[in-house]
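Novice:
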Amino acid sequence: MREKYIEQRLVSKVKKHGGLCLKLASTGLDGIPDRMVLMSKGKIAFVELKAPKQKPRKLQLVRIKKLKEMGFSVYVLDNVEDIGGVIDDIQTT
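Numbering (this note's numbering), first residue to last: -9 to 83.
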């Protein structure tokens, strides 16, 4: 399974739940997560997508840590089975 497939499924499922799944273009800031998920009632989270069993690079871990320190939820998603849980968590956090 490829990262692109997981990303497409995430975008589709977020849309079905009434949210937006925005692609982030890293203009001048490498290592930021791939997607920003916006759900109703002002729920926002970032998602870094990976192929199965792949891990974030060192710079990505630095960016994830900074976002979490700022109070944002950040998820690393490497399989389609976890998409529903991520969306549920975003909506209830």
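Even for Gly, the Cβ is constructed at its ideal location relative to N, Cα and C. Keep in mind that this is a model prediction, so the values were computed, not measured.
#1: How would you call residue 50, buried or exposed, if buried means at least 16 neighbouring beta carbons within 10 angstroms?
#2: So for residue 49, helix, strand or coil by DSSP?
#3: When the Cα atoms are used, what is the spatial distance from residue 7 to residue 70?
#4: Determine which residues share a DSSP beta bridge with residue 62 and list them.
#5: For the alpha helix (DSSP H) that contains residue 0, what are its first and last residues?
#6: Report buried or exposed for residue 9, applying the criterion of at least 16 other Cβ atoms within 10 angstroms of its Cβ.
#7: Expressed to the nearest angstrom, what Euclidean distance is found between the alpha-carbon atoms of residue 27 and residue 0?
Specialist: Short version:
#1: Here residue 50 is taken as the residue at index 60 of the sequence shown, counted from 1. Counting Cβ neighbours within 10 Å, residue 50 comes out buried, since at least 16 surround it.
#2: Residue 49 sits at position 59 when you count from the first residue of the sequence shown. The answer is helix: DSSP assigns residue 49 an H, G or I state.
#3: Taking the first residue of the sequence shown as position 1, residue 7 is located at position 17. Taking the first residue of the sequence shown as position 1, residue 70 is located at position 80. Each residue's Cα considered, the two are about 16 Å apart.
#4: Residue mapping note: residue 62 aligns to position 72 of the sequence shown, counting from 1. Residue 62 pairs with nothing; no bridge assigned.
#5: One-based indexing of the sequence shown puts residue 0 at position 10. Note, residue 0: alpha helix (DSSP H), -7 to 6.
#6: By one-based count along the sequence shown, residue 9 stands at place 19. By the 10 Å Cβ count, residue 9 comes out buried.
#7: Here residue 27 refers to the residue found at position 37 of the sequence shown. Here residue 0 refers to the residue found at position 10 of the sequence shown. If you take the alpha carbons of residue 27 and residue 0, they lie about 9 Å apart.
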